[in-house]
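Data block below; observations after.
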Amino acid sequence: MAAPVAIHLEFGGGAELLFNGVKEHHVTLPSQSEPWDVKQLLVWIQRNLLKERPELFVQGDSVRPGILVLINDADWELMGELDYRLQDQDNIVFISTLHGG
Amino acid sequence: MAQEVSCLKAQLREKEEEIVRLKNKLAQLEQVRTELFDKVIPLTPLKAKAALSNDDIMRYSRQLLLPELGVQGQLNLSKTSVLIVGCGGLGCPLAQYLAAAGIGRLGLLDYDEVELSNLHRQVLHGEKNQGQAKALSAASAVKRLNSTVECIPYHLQLSPENALQLIQQYPAANPLTYICYAGQTLPLVSASALRLEGQLTVYNYCGGPCYRCLYPVPPPRETVTNCSDGGVLGVVPGIMGCFQALEVLKIASGQVSSCCQKLVIFDAQDAKFRSIKLRPKQAGCAVCGERPSVTQLVDYEAFCGTAATDKCRKLSLLSRDQRITIQDYKSIVDNAEPHLLLDVRPLVEVDICHLPVSLNIPLLSLEEKKSEDIRLLKERIGQLKKQMSGDCQPPVYVICKLGNDSQKAVQVLEKMSGSEVDSITVKDICGGLMAWAKRIDPTFPQY
């Protein structure tokens, strides 16, 4: 049995608009038999934080194109993407790419 | 003695005539240089200066004192050509600081003309430049600041047909929007800004990713917001454009950019900068990888399913009988026909301007079926029904800024009709309030 994991979620670049404009969320993922990974986190976010228009956030079992995921200030590609195992106090950022100016 | 005097006088006259001739020649050349180009033209390579002139030394003295730049760095700047794609909120401060610092040549590219709504952030353009090509307006402003910088203004849009020929002439390219190209390894100092946020990355540089390495798949087009829809505080692209200038100056003077393989995120609301470590250049990248599948320029508008401009898109979700023109709506008002006008814009836009008779329920509240708003809508439809005789369905006309969100709202309301609210006839007003301002009431504000 894996212990509950307390993490810090952040949304930016407009992605926060899908979460009532709230940029920062401190959440605790409950204890479960398997350790938490990013793939499961996306499902948890959909069920618990994101109530409307999930297609603007996820596509299949990953984030939609145009959203960059950062794990502790690094591109998630460097961290194992969906398979990264979440650690207590991790900082996960979902940032929507901006266009124009 | 007298002979010597007249000889000297003759020589002086000759020199003075030569000065006039040279001045005319220079003026003519400068005239040619601020000519506006509507296509890519061949440019002669920039020649390296052998040494700084006394004027150069005085003008750049405060930056020459920096050991990080020094004389060699300044000479490097003077032999660098930079292409600035987009002379808007980012391109203006970028061009301004590159010119002030003594860059050799600036290509200034923009397809658009200056509008009043640009001036809060596109700070090289003034009131008198309205209607003028942005590239030309930016070039004149840059020339006023530093006449030694060569400016090439292009009044065109970057396209698969012209991009390669154009970019090859500029060793440091700074496209501000979505381009990625095959076989090119020029550093791309790219930034974007929207609302109160900015992002910056240097692509194709020091082992870092290209745009396609980082974003292999374009985002769904409905998720891309531009400044005319989402809004932007002018100083935010100002800060990001200055940041681009800083990184270009480092690269052009021979230093290393601090942003290689990094994404810099600026949150203006919290005054917070954050630097993120990005993935390296990807071996599997379709453009710069080991086995690239994209070997020619692609049509980016087709690839992304959206226009590479900052203009608003026109949605077409409804059939013709679900929409009325703005003139039709004017007749309905003139004939005092009972109806409900529903304005579905966000409150912040309703505060800017609205028609006095309208009921405001933002599209998002309709989509989320916010109980308070639905109760209000039900109440107003009930009142309207009482006013009308017989069993006819009360007409509801939906309006927004340009006629996109109002179409979405019609679809939502049609589903609600007969269940959550009484049966209604819903129609969209084509072109929205901006059509009202243009065609019906010229005193109504446009934004």
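Heads up: the protein sequence lines correspond to chains E and S, in order.
575 is the number that my numbering gives to position 57 of the first sequence; each next residue is one higher, with no gaps.
279 is the number that my numbering gives to position 261 of the second sequence; each next residue is one higher, with no gaps.
Even for Gly, the Cβ is constructed at its ideal location relative to N, Cα and C.
On a predicted model such as this, the values are computed, not experimentally measured, just so you know.
Would you kindly work out how many angstroms separate the C-alpha atoms of residue i and residue j, rounded to a whole number?
{"i": "Glu168(S)", "j": "Ala45(S)", "result": "13 Å"}
{"i": "Gln587(E)", "j": "Asp339(S)", "result": "In the sequence as displayed, the identity of residue 587(E) is Val instead of Gln. Rounded to whole angstroms, Val587(E) to Asp339(S) spans 44 Å at the Cα level."}
{"i": "Ala66(S)", "j": "Ser96(S)", "result": "7 Å"}
{"i": "Met19(S)", "j": "Lys41(S)", "result": "33 Å"}
{"i": "Glu53(S)", "j": "Leu64(S)", "result": "19 Å"}
{"i": "Gly584(E)", "j": "Ala533(E)", "result": "10 Å"}
{"i": "Tyr196(S)", "j": "Leu560(E)", "result": "Residue confidence is low: Tyr196(S) scores 33 on pLDDT, short of 50, so the model does not pin down where it sits. No coordinate-derived value is stated."}
{"i": "Asn590(E)", "j": "Val611(E)", "result": "8 Å"}
{"i": "Gln21(S)", "j": "Lys33(S)", "result": "18 Å"}
{"i": "Phe291(S)", "j": "Thr615(E)", "result": "16 Å"}
{"i": "His357(S)", "j": "Leu402(S)", "result": "7 Å"}
{"i": "Glu318(S)", "j": "Cys110(S)", "result": "Before going on, a small fix: residue 318(S) reads as Tyr here, not Glu. Their Cα atoms are separated by approximately 24 Å."}
{"i": "Val428(S)", "j": "Leu206(S)", "result": "43 Å"}
{"i": "Val253(S)", "j": "Leu154(S)", "result": "23 Å"}
{"i": "Pro310(S)", "j": "Gln558(E)", "result": "33 Å"}
{"i": "Gly216(S)", "j": "Pro412(S)", "result": "46 Å"}
{"i": "Gln605(E)", "j": "Glu528(E)", "result": "16 Å"}
{"i": "Phe575(E)", "j": "His543(E)", "result": "16 Å"}
{"i": "Leu600(E)", "j": "Gly539(E)", "result": "25 Å"}
{"i": "Asp130(S)", "j": "Leu184(S)", "result": "18 Å"}
{"i": "Cys303(S)", "j": "Thr219(S)", "result": "18 Å"}
{"i": "Cys224(S)", "j": "Gly149(S)", "result": "41 Å"}
{"i": "Ser580(E)", "j": "Ser334(S)", "result": "30 Å"}
{"i": "Ala200(S)", "j": "Glu35(S)", "result": "With a pLDDT of 41 at Ala200(S), under the threshold of 50, the predicted position of this residue should be treated as unreliable, though the coordinate-derived value follows. The alpha-carbon atoms of Ala200(S) and Glu35(S) are separated by roughly 53 Å."}
{"i": "Ile37(S)", "j": "Lys43(S)", "result": "10 Å"}
{"i": "Leu394(S)", "j": "Ile613(E)", "result": "36 Å"}
Under a Cβ-count criterion, where at least 16 other Cβ atoms within 10 Å of its own Cβ denotes burial, should residue i be classed as buried or exposed?
{"i": "Asn566(E)", "result": "exposed"}
{"i": "Thr343(S)", "result": "exposed"}
{"i": "His617(E)", "result": "buried"}
{"i": "Asn422(S)", "result": "buried"}
{"i": "Gly598(E)", "result": "exposed"}
{"i": "Arg31(S)", "result": "exposed"}
{"i": "Arg80(S)", "result": "exposed"}
{"i": "Leu194(S)", "result": "The pLDDT assigned to Leu194(S) is 38, lower than 50, so where the model puts this residue is not dependable; a value taken from the coordinates is nonetheless given after this. Result: buried."}
{"i": "Ser208(S)", "result": "buried"}
{"i": "Ile170(S)", "result": "buried"}
{"i": "Glu355(S)", "result": "exposed"}
{"i": "Pro463(S)", "result": "exposed"}
{"i": "His138(S)", "result": "exposed"}
{"i": "His453(S)", "result": "Going by the sequence as given, residue 453(S) is Ala instead of His. Answer is buried; the Cβ neighbour count reaches 16."}
{"i": "Val523(E)", "result": "buried"}
{"i": "Asn136(S)", "result": "buried"}
What distance in whole Å lies between the Cβ atoms of residue j and residue i, which are believed to be in contact at a cut-off of 8 Å?
{"i": "Ile447(S)", "j": "Tyr415(S)", "result": "6 Å"}
{"i": "Leu520(E)", "j": "Trp554(E)", "result": "A quick correction: the sequence has Ala, not Leu, at residue 520(E). 7 Å between Cβ atoms; contact."}
{"i": "Asp593(E)", "j": "Arg297(S)", "result": "5 Å"}
{"i": "Ala117(S)", "j": "Ile102(S)", "result": "With 8 Å as the limit, Ala117(S) and Ile102(S) do not qualify as a contact, their Cβ atoms being about 10 Å apart."}
{"i": "Ile417(S)", "j": "Ser389(S)", "result": "So it is not a contact: roughly 23 Å between Cβ atoms."}
{"i": "Gly125(S)", "j": "Tyr188(S)", "result": "6 Å"}
{"i": "Glu438(S)", "j": "Ile392(S)", "result": "6 Å"}
Looking at the secondary structure, which residues open and close the alpha helix (DSSP H) in which residue i lies?
{"i": "Ser79(S)", "result": "Ser79 to Leu82"}
{"i": "Gln411(S)", "result": "Element bounds for Gln411(S): n/a, residue is neither H nor E."}
{"i": "Ile294(S)", "result": "Taken as a continuous stretch (DSSP letters only), Ile294(S) belongs to no alpha helix (DSSP H), being part of the beta strand (DSSP E) at Lys290 to Lys295."}
{"i": "Ser349(S)", "result": "Ile344 to Asp352"}
{"i": "Ala118(S)", "result": "Gly109 to Ala119"}
{"i": "Asn94(S)", "result": "Gly88 to Ser96"}
{"i": "Leu206(S)", "result": "Per DSSP, Leu206(S) belongs to no alpha helix (DSSP H); it is in the beta strand (DSSP E), Leu206 to Leu212."}
If I follow the unbroken beta strand (DSSP E) through residue i, where does it start and stop?
{"i": "Cys169(S)", "result": "Glu168 to Tyr172"}
{"i": "Leu280(S)", "result": "Going by the sequence as given, residue 280(S) is Lys instead of Leu. Element bounds for Lys280(S): Lys280 to Asp285."}
{"i": "Asp317(S)", "result": "No beta strand (DSSP E) contains Asp317(S), which DSSP labels as neither H nor E."}
{"i": "Glu432(S)", "result": "Note, Glu432(S): premise wrong, no beta strand (DSSP E); alpha helix (DSSP H) at Asp423 to Met434."}
{"i": "Asp130(S)", "result": "Element bounds for Asp130(S): n/a, residue is neither H nor E."}
{"i": "Ile269(S)", "result": "From DSSP, Ile269(S) is part of no beta strand (DSSP E) but of the alpha helix (DSSP H) over Val253 to Ser271."}
{"i": "Glu528(E)", "result": "Val523 to Gly530"}
{"i": "Gln217(S)", "result": "Glu215 to Tyr221"}
{"i": "Asn609(E)", "result": "Asn609 to Ser614"}
{"i": "Leu586(E)", "result": "Ile585 to Ile589"}
{"i": "Ala159(S)", "result": "No beta strand (DSSP E) contains Ala159(S), which is instead part of the alpha helix (DSSP H) from Lys152 to Leu163."}
{"i": "Ser99(S)", "result": "Ser99 to Val103"}
{"i": "Lys557(E)", "result": "Not the beta strand (DSSP E): Lys557(E) falls in the alpha helix (DSSP H), residues Val556 to Asn566."}
Spell out whether any CB of chain B is found under 8 Å from the CB atom of residue i.
{"i": "Pro583(E)", "result": "Here the protein chains are E and S, and chain B is not one of them."}
In chain order, what residues of the region 587 to 598 of chain E put their CB closer than 7 Å to some CB of chain S? With the criterion set as a beta carbon lying under 7 Å from some beta carbon of chain S, the members of the region 587 to 598 of chain E are Leu588, Asp591, Ala592, Asp593, Glu595 and Leu596, in sequence order.
*the region 529 to 546 of chain E: positions lying closer than 7 Å to chain S by Cβ*: Those would be Gly530, Gly531 and Gly532, in chain order.
Exercise for the section: Please list the residues of the region 600 to 617 of chain E that have a C-beta atom closer than 9 Å to any C-beta atom in chain S, keeping them in chain order. Expected result: Result list: Val611, Ile613, Ser614, Thr615, Leu616 and His617.
query: Name the residues in the region 94 to 120 of chain S whose C-beta lies less than 8 Å from a C-beta of chain E; which are they?
result: Within the region 94 to 120 of chain S, the qualifying residues are Gly104, Gly106, Gly107 and Leu108.
ask   = For the region 249 to 275 of chain S, which residues have a CB atom closer than 9 Å to at least one CB atom of chain E, in sequence order?
value = Contacts with chain E (Cβ-Cβ distance below 9 Å) from the region 249 to 275 of chain S involve Val250, Val254, Pro255, Met258 and Gly259, listed in chain order.
Chain-ordered residues of the region 225 to 238 of chain S with a beta carbon less than 7 Å from chain E:
For the region 225 to 238 of chain S, which is checked against every Cβ of chain E, the residues closer than 7 Å are Tyr233, Val235, Pro236, Pro237 and Pro238.
Using Cβ-Cβ distances below 9 Å, what residues of the region 556 to 584 of chain E are close to chain S?
Answer in chain order: Lys569, Glu570, Arg571, Glu573, Leu574, Gln577, Arg582, Pro583 and Gly584.
Quiz item: Along the region 202 to 214 of chain S, what residues have a CB closer than 8 Å to any CB found in chain E?
Solution: Going along the region 202 to 214 of chain S in chain order, one finds Ala209, Ser210, Ala211, Leu212 and Arg213 with a Cβ nearer than 8 Å to chain E.
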